[in-house]
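Each number in our numbering corresponds to the 1-based position in the sequence shown with 73 added. C-beta: ideal position from N, C-alpha, C; glycine also. This structure is a prediction, so every number in the text was calculated from the model and none was measured. To start, the structure under review is shown below, and the notes come after it.
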Amino acid sequence: MKFLIINGPNLNLLGIREPKIYGSNTYQDLVEYVSDFCAQRGVETEFVQSNHEGDLVDAIQKAYFDKVDGIIINPAAYTHTSVALLDALKSVQIPTVEVHISKVEEREEFRQVSYLRPACIRTITGHGFAGYSMAAVALMDHLSGR
Ligand code: DQA
Numbered sequence: 074m075k076f077l078i079i080n081g082p083n084l085n086l087l088g089i090r091e092p093k094i095y096g097s098n099t100y101q102d103l104v105e106y107v108s109d110f111c112a113q114r115g116v117e118t119e120f121v122q123s124n125h126e127g128d129l130v131d132a133i134q135k136a137y138f139d140k141v142d143g144i145i146i147n148p149a150a151y152t153h154t155s156v157a158l159l160d161a162l163k164s165v166q167i168p169t170v171e172v173h174i175s176k177v178e179e180r181e182e183f184r185q186v187s188y189l190r191p192a193c194i195r196t197i198t199g200h201g202f203a204g205y206s207m208a209a210v211a212l213m214d215h216l217s218g219r
C-alpha cells in the first residue's frame with residue numbers, strides 16, 4: 074500500500090511559524106513521524122510540500138498515474154479558497170483524508186469553510202501531528218473495508 078502526504082503553503086515553516094498554534098516541531102520532524110508510523114504498518118509513503126497551488130494539483134494528478142492508494146492532505150490556506158484542489162481530488166477518486174494541525178473550527182470565520190472536504194472521506198482537526206497518523210489509520214481501515 075502506498076500513501077501520498079501533501080502539505081500546502083507555509084507548512085515548510087513548521088517550528089518557526091506561530092508555534093503557539095502549530096507547535097515547535099519542524100516539517101522534517103513531521104515527515105519522519107508519519108513515514109515511521111506508516112512503515113511500521115507496511116505502508117509506503119511519499120511526501121510533497123509546496124507553496125504553489127498548481128504544484129499541489131500536479132501532485133494529486135500524478136498520484137493517479139503512480140497508482141497511489143490513499144492521500145493525506147493538509148491544504149493549509151488553500152483549504153479555504155481552492156476549487157482547483159477540490160476538482161483535482163474529485164478527478165482522481167483516490168480515498169483522501171483532510172488534516173489540519175490546529176482546531177480550525179475554533180479559529181477565524183474565514184477558516185470555517187473547507188472547499189476540499191466534500192471530496193474527502195474524513196476531516197481531522199486539532200490533533201497536531203497525531204492527526205496525520207489518525208488519517209493514515211482511517212485510510213488503512215477504509216482500504217481494507219473495515
Ligand atoms: C492549517 C489551518 C489553515 O487554516 C492554515 O491556513 C494553515 C494550516 C492547519 O494545519 O491547522 O496553514 O491547515
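Pull up the distance between the alpha-carbon of residue i and that of residue j, whole angstroms please.
{"i": "R238", "j": "N85", "result": "No statement about residue 238 is possible, as the shown extent of the chain runs from 74 to 219 and does not include it."}
{"i": "A203", "j": "E182", "result": "25 Å"}
{"i": "P191", "j": "G81", "result": "18 Å"}
{"i": "T99", "j": "C111", "result": "19 Å"}
{"i": "E115", "j": "A209", "result": "Reading off the sequence, residue 115 comes out as Gly, not Glu. Roughly 11 Å between the two C-alpha positions."}
Can you check whether the CB of residue j is closer than 7 Å to the CB of residue i?
{"i": "V170", "j": "A211", "result": "yes"}
{"i": "D142", "j": "K93", "result": "no"}
{"i": "V186", "j": "A157", "result": "no"}
{"i": "Y205", "j": "I145", "result": "yes"}
{"i": "H125", "j": "P168", "result": "no"}
{"i": "A132", "j": "I89", "result": "no"}
{"i": "T154", "j": "K176", "result": "no"}
{"i": "V96", "j": "G218", "result": "The displayed chain sequence assigns Gly, not Val, to residue 96. The answer is no: Cβ separation not under 7 Å."}
{"i": "L77", "j": "E119", "result": "yes"}
{"i": "V107", "j": "N147", "result": "no"}
{"i": "N83", "j": "A136", "result": "no"}
Please report the residue range of the alpha helix (DSSP H) in which residue i lies.
{"i": "L212", "result": "A203 to L216"}
| task | Give every residue whose Cβ lies closer than 6 Å to any heavy atom of the ligand DQA, listed in chain order. | result | N83, N147, A149, A150, T152, H173, I174, S175, V177 and R184
| Whole beta strand (DSSP E) runs in the segment 132 to 190 with 3 or more residues, listed along the chain? | 143 to 147 and 169 to 173
| request: Return the chain-ordered ranges of every beta strand (DSSP E) run that is complete within the segment 91 to 138 and spans a minimum of 3 residues. | output: 117 to 122
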